[in-house]
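Down below is the structure, laid out as structure tokens.
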Amino acid sequence: MLIAATFAILVAMVLALIRGIAGPTFYDRVLAVNMFGTKTVLMISLLGFVMGRPEFLDIAIVYALINFISVIAVLRYSDSNQFKHNSADDKSRGKGA
Amino acid sequence: MDFVIIIASGLCLFIGSFLCVVGGIGILRFPDFYTRMHAVGVTETLGAGLILIGLMIISSDLLVFAKLVMVLLLTLLIGPTTSHVLAKAAFVNGLAPKLNSNSHEKNDIEQLSNEENDSSNS
Amino acid sequence: MLLGIYGLLSAIFFVAMDAVDVAFTEAAVGAGISSLLMLVAITMTGRNENTTRHKPISALFIVIITGGLLLYGTFDMPYFGAVEASINSHVVPRYINDSMQEIGIPNIVTSVLASYRAFDTFGEVVVIFTAGIGVLALLSVGRRPKDDDKIASINDSMSEQYLVVRIVTKMLIPFIMLFALYVQFHGDFGPGGGFQAGVIFAAAIILYAMLFGLSTANKVINQTFIELMAALGVLLYGCVGIVSLLNGGNFFDFNVLSNDPIAGQHLGIILIELGVGCTVASVMILIFFNFAGRKELQNNNSNKNEESC
Chain D
1 MLIAATFAIL
11 VAMVLALIRG
21 IAGPTFYDRV
31 LAVNMFGTKT
41 VLMISLLGFV
51 MGRPEFLDIA
61 IVYALINFIS
71 VIAVLRYSDS
81 NQFKHNSADD
91 KSRGKGA
Chain Y
98 MDFVIIIASG
108 LCLFIGSFLC
118 VVGGIGILRF
128 PDFYTRMHAV
138 GVTETLGAGL
148 ILIGLMIISS
158 DLLVFAKLVM
168 VLLLTLLIGP
178 TTSHVLAKAA
188 FVNGLAPKLN
198 SNSHEKNDIE
208 QLSNEENDSS
218 NS
Chain F
220 MLLGIYGLLS
230 AIFFVAMDAV
240 DVAFTEAAVG
250 AGISSLLMLV
260 AITMTGRNEN
270 TTRHKPISAL
280 FIVIITGGLL
290 LYGTFDMPYF
300 GAVEASINSH
310 VVPRYINDSM
320 QEIGIPNIVT
330 SVLASYRAFD
340 TFGEVVVIFT
350 AGIGVLALLS
360 VGRRPKDDDK
370 IASINDSMSE
380 QYLVVRIVTK
390 MLIPFIMLFA
400 LYVQFHGDFG
410 PGGGFQAGVI
420 FAAAIILYAM
430 LFGLSTANKV
440 INQTFIELMA
450 ALGVLLYGCV
460 GIVSLLNGGN
470 FFDFNVLSND
480 PIAGQHLGII
490 LIELGVGCTV
500 ASVMILIFFN
510 FAGRKELQNN
520 NSNKNEESC
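Protein chains in written order, with my numbering: chain D, 1 to 97; chain Y, 98 to 219; chain F, 220 to 528.
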């Protein structure tokens, strides 16, 4: 059962990675990386149980915190103009049509 | 008694991993960023919680159980916060949700985003 | 973004190879701090680099020749994990068999890192300290006090966007610091040790500084204090070595630090890991404060230019 759960989480990670590579906007990629990180935390806990070494839970705790800090950092430092989503052309298209 | 524990843990693990895979399919198939965030935020937190509860049932000693409780509390606290932060940042930076051609909602969204931009610039 | 994924994949790979300490350090440093610092650097410099006008052909040539020579040199090495390799037949059995009697802590990685090879670890700590000095020398920002009020007002106006995260962060930061202390002192028995603990502590302070503004973080933790702590860490490490010299042993020989050799080893390892943790945490915080302070100065200057013209 544990091994089946590990495979299921692996499948979810691959799906998140596909979205991370192909996401049209920047925020899609950030969402995909965040999801990948949470699945990694679960994967580390499951692998720790499968291999019989419960010390991996320390790594899972660290990884959950680091994932949170990374996402906050990306969003905090993406406020500059190079990342601003340009919705001006959407508005002009909407009003013209 | 042992049998009940194994069945309960297996059930929790199965439902949890099923929810995680559903979230993964959702992030691929939904049309817009905000809908994808719904899919990920809800299923991920619940799926992670169920998997960790399933592991807690079969844990061998008290230290492992305590650490799993900590990981569960962290996941429950961090997951929804991250979804909120992402959505707010996307909205303030101008990413508009894709709506049907329904004029009421579109005007409301434009008004709201104009107010947000004004309050963050001044 | 993809840097973070790469760091995570490496961490999983190490976990699958059953190397717990390395996975720990990779998760903390590779996936966390380095993508954070790279992100701040990119926002300072912009996403595209200026195209150089001349193509450096000769440099490419030299690099290919050197790489080829190095690859040729590795053909002579024994296979990975071969039984008759000298490292597997002399060094490894000695460590695995004798570590428990000579040093007495269950975690062999910590005993190798902090006691058998303490001099190498000293070199690593000095390298980290030098990196901190380099960043200070190049990027140090002198804060002018009249800018602080303006920066504080900018940060207050952003508080509405970050309100929920600020409250959650206030709940999380004491827990993160406590966990860093746990990892530091539990390094003897489980995965952990000074490097990982320093990185986690620095991550907590960086989270606070990102969400509440650099000027508030400067009021909480003074930059002078952090520079002092970085130097104190290296000094503590070196002093343990000198004390063992004064007591009659070799440099970094912990057996002579107290009456019982095993107690001496334990004392030496705890002091060394404390020094490592102090230095690593302080240098990471210093690097982040200097990068981010420089960026704020850039933003303020560009705002002033917009207002004046």
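Every residue, glycine too, gets a C-beta built ideally from N, C-alpha and C. Note that the structure is a prediction, hence the values are computed from the model and not measured.
Handout entry: Three-state secondary structure (DSSP) of F:Lys274
Key = In the third sequence, the residue the question calls residue 274 of chain F occupies position 55. In the structure shown, F:Lys274 sits in coil (DSSP, three-state: anything other than H, G, I, E or B).
Exercise for the section: Identify each residue in the segment 161-172 of chain Y for which the Cβ-Cβ distance to at least one residue of chain F is less than 7 Å, and report them in chain order. Expected result: none
Practice task
Determine, using beta carbons only, whether F:Gln380 comes closer than 9 Å to chain Y.
Solution key: Residue numbering aside, residue 380 of chain F sits at position 161 when the third sequence is read from its first letter. Interface with chain Y (9 Å Cβ-Cβ cutoff): F:Gln380 is included.
Exercise for the section: Measuring only between beta-carbons, confirm whether F:Val384 sits less than 9 Å from chain Y. Expected result: As a working note, residue 384 of chain F is residue 165 in the third sequence. At least one chain Y Cβ lies under 9 Å of F:Val384.
Practice task
Consult DSSP for F:Met396 and reduce its assignment to one of helix, strand or coil.
Solution key: Counting from 1 along the third sequence, the entry for residue 396 of chain F is found at position 177. It is helical.
Problem - Three-state class that DSSP yields for D:Phe56 in the structure shown - result: In the first sequence, counting from the first residue as 1, residue 56 of chain D sits at position 56. Helix.
Exercise for the section: Can you pull the chain Y residues whose beta carbon is under 8 Å from the beta carbon of D:Val11, in chain order? Expected result: As a first step, residue 11 of chain D is located in the first sequence; it is residue number 11 there, counting from the start. Val118, Gly121, listed in chain order.
Problem - Straight-line gap, Y:Leu125 to D:Leu10 (C-alpha atoms, nearest Å) - result: Translated into positions along the second sequence, residue 125 of chain Y becomes position 28. Translated into positions along the first sequence, residue 10 of chain D becomes position 10. Near 15 Å, if we compare the C-alpha coordinates of D:Leu10 and Y:Leu125.
Exercise for the section: Output yes if chain Y places a C-beta closer than 9 Å to the C-beta of D:Ala73; else output no. Expected result: Mapped onto the first sequence, residue 73 of chain D falls at position 73. Taking Cβ atoms only, chain Y never reaches closer than 9 Å to D:Ala73, which makes this a no.
Exercise for the section: Using a Cβ cut-off of 9 Å (strictly closer), state whether D:Leu65 contacts chain F. Expected result: Position 65 of the first sequence holds residue 65 of chain D. By this cut-off, D:Leu65 is an interface position.
Handout entry: Secondary structure of F:Asp479, DSSP reduced to three states
Key = Position 260 of the third sequence holds residue 479 of chain F. In this structure, F:Asp479 counts as coil in the three-state DSSP scheme.
Exercise for the section: Report yes if the C-beta distance between F:Val453 and F:Gly487 is below 9 Å; otherwise report no. Expected result: Position 234 of the third sequence, counted from the start, is the residue given in the question as residue 453 of chain F. Position 268 of the third sequence, counted from the start, is the residue given in the question as residue 487 of chain F. Result no, Cβ atoms of F:Val453 and F:Gly487 do not sit closer than 9 Å.
Exercise for the section: Give the straight-line distance between the Cα atoms of D:Phe56 and F:Ala260, rounded to the nearest whole angstrom. Expected result: Taking the first residue of the first sequence as position 1, residue 56 of chain D is located at position 56. Taking the first residue of the third sequence as position 1, residue 260 of chain F is located at position 41. Each residue's Cα considered, the two are about 32 Å apart.
Exercise for the section: Have a look at F:Gly468 and F:Gln415 and give me their C-alpha separation to the nearest angstrom. Expected result: Here residue 468 of chain F corresponds to residue number 249 of the third sequence, with the count starting at 1. Here residue 415 of chain F corresponds to residue number 196 of the third sequence, with the count starting at 1. Their backbone Cα atoms lie some 30 Å apart in a straight line.
Exercise for the section: Give every residue of the same chain whose Cβ lies closer than 7 Å to the Cβ of F:Ala500, excluding the five residues on either side of it in the sequence, and list them in chain order. Expected result: Here residue 500 of chain F refers to the residue found at position 281 of the third sequence. Here the set comprises Gly417, Phe420, Ala421.
Problem - Local conformation of Y:Leu192 per DSSP, three classes - result: Position 95 of the second sequence holds residue 192 of chain Y. Three-state result, Y:Leu192: coil.
Problem - Burial state of F:Leu357, where buried means 16 or more other Cβ atoms lie within 10 Å - result: Position 138 of the third sequence, counting from 1, holds the residue named residue 357 of chain F. With fewer than 16 other Cβ atoms within 10 Å, it is exposed.
Practice task
Assign F:Phe398 to one of two classes, buried (16 or more other C-beta atoms within 10 Å of its C-beta) or exposed (fewer than that).
Solution key: As a first step, residue 398 of chain F is located in the third sequence; it is residue number 179 there, counting from the start. It is buried - the Cβ of F:Phe398 has at least 16 other Cβ atoms within 10 Å.
Problem - Under the three-state DSSP convention, the category F:Met296 falls into - result: Here residue 296 of chain F refers to the residue found at position 77 when the third sequence is read from its first residue. In the structure shown, the three-state DSSP call for F:Met296 is coil.
Practice task
Measure the C-alpha to C-alpha separation of Y:Val118 and D:Ala64 and round it to an integer number of angstroms.
Solution key: Counted from its first residue, the second sequence places residue 118 of chain Y at position 21. Counted from its first residue, the first sequence places residue 64 of chain D at position 64. Spanning the two alpha carbons is a distance of roughly 20 Å.
Handout entry: Contacts of D:Phe49 in chain Y (Cβ-Cβ under 7 Å)
Key = Stepping through the first sequence from its first residue, residue 49 of chain D is reached at position 49. In chain order: Leu152.
Exercise for the section: Residues of the segment 173-195 of chain Y with a CB closer than 7 Å to any CB of chain F: list them in chain order, please. Expected result: Residues Leu174, Thr178, His181, Val182, Lys185, Val189.
Handout entry: Contact between the segment 98-110 of chain Y and the segment 427-447 of chain F (3+ Cβ pairs under 8 Å)
Key = no
Problem - Proximal chain Y residues relative to F:Val387, where beta-carbon distance stays under 7 Å - result: Within the third sequence, residue 387 of chain F is the residue found at index 168, counting from 1. Residues of chain Y passing the Cβ test: Leu174, Thr178.
Practice task
Output yes if chain Y places a C-beta closer than 9 Å to the C-beta of D:Ile21; else output no.
Solution key: Residue 21 of chain D sits at position 21 when you count from the first residue of the first sequence. With 9 Å as the cut-off, D:Ile21 does not count as an interface residue toward chain Y.
Exercise for the section: Pick out whichever of F:Ser254, F:Asn478, F:Val387, F:Met448 has its Cα sitting closest to the Cα of F:Gly494. Expected result: Taking the first residue of the third sequence as position 1, residue 494 of chain F is located at position 275. When each option's Cα is compared against that of F:Gly494, the closest is F:Met448.
Exercise for the section: Give the single residue among Y:Gly121, Y:Arg133, Y:Leu152 whose Cα lies nearest to the Cα of Y:Phe111. Expected result: Numbered from 1 along the second sequence, position 14 holds the residue referred to as residue 111 of chain Y. The shortest C-alpha separation from Y:Phe111 is found at Y:Leu152.
Practice task
Determine the direct distance from the alpha carbon of D:Ala8 to that of Y:Gly113, and round the result to whole angstroms.
Solution key: Within the second sequence, residue 113 of chain Y is the residue found at index 16, counting from 1. Within the first sequence, residue 8 of chain D is the residue found at index 8, counting from 1. Distance from the CA atom of Y:Gly113 to the CA atom of D:Ala8, rounded to whole angstroms, is 10 Å.
Handout entry: C-alpha distance - Y:Leu196 paired with F:Gly342, whole-angstrom precision
Key = One-based indexing of the second sequence puts residue 196 of chain Y at position 99. One-based indexing of the third sequence puts residue 342 of chain F at position 123. The alpha-carbon atoms of Y:Leu196 and F:Gly342 are separated by roughly 59 Å.
Practice task
Hey, could you find the ends of the alpha helix (DSSP H) Y:Ser106 is sitting in?
Solution key: One-based indexing of the second sequence puts residue 106 of chain Y at position 9. Residues 99-126.
Handout entry: Contact check, D:Ala32 vs F:Leu255, beta carbons under 9 Å
Key = In the first sequence, counting from the first residue as 1, residue 32 of chain D sits at position 32. In the third sequence, counting from the first residue as 1, residue 255 of chain F sits at position 36. No, the pair does not count as a contact, with Cβ atoms beyond the cut-off.
Exercise for the section: Report the three-state DSSP secondary structure of F:Pro312 (helix, strand or coil). Expected result: On the third sequence, position 93 is the one that residue 312 of chain F refers to. Reduced to three states, the DSSP call for F:Pro312 is helix.
Problem - Best match in F:Leu476, F:Met263, F:Met296 for proximity to F:Asn518 [C-alpha to C-alpha] - result: Here residue 518 of chain F refers to the residue found at position 299 of the third sequence. Minimum Cα distance to F:Asn518 is reached at F:Met263.
Problem - Under the three-state DSSP convention, the category D:Ile66 falls into - result: Residue mapping note: residue 66 of chain D aligns to position 66 of the first sequence, counting from 1. If DSSP states are grouped into helix, strand and coil, D:Ile66 belongs with the helices.
Practice task
Identify the contact partners of Y:Ile124 in chain D, using a Cβ-Cβ distance below 8 Å as the criterion.
Solution key: In the second sequence, counting from the first residue as 1, residue 124 of chain Y sits at position 27. What Y:Ile124 touches in chain D: Leu15, Ala16, Arg19, Leu31, Ala32, Met35.
Handout entry: Within 9 Å, strictly: CB atoms of D:Asp28 and F:Gly409
Key = Here residue 28 of chain D refers to the residue found at position 28 of the first sequence. Here residue 409 of chain F refers to the residue found at position 190 of the third sequence. Result no, Cβ atoms of D:Asp28 and F:Gly409 do not sit closer than 9 Å.
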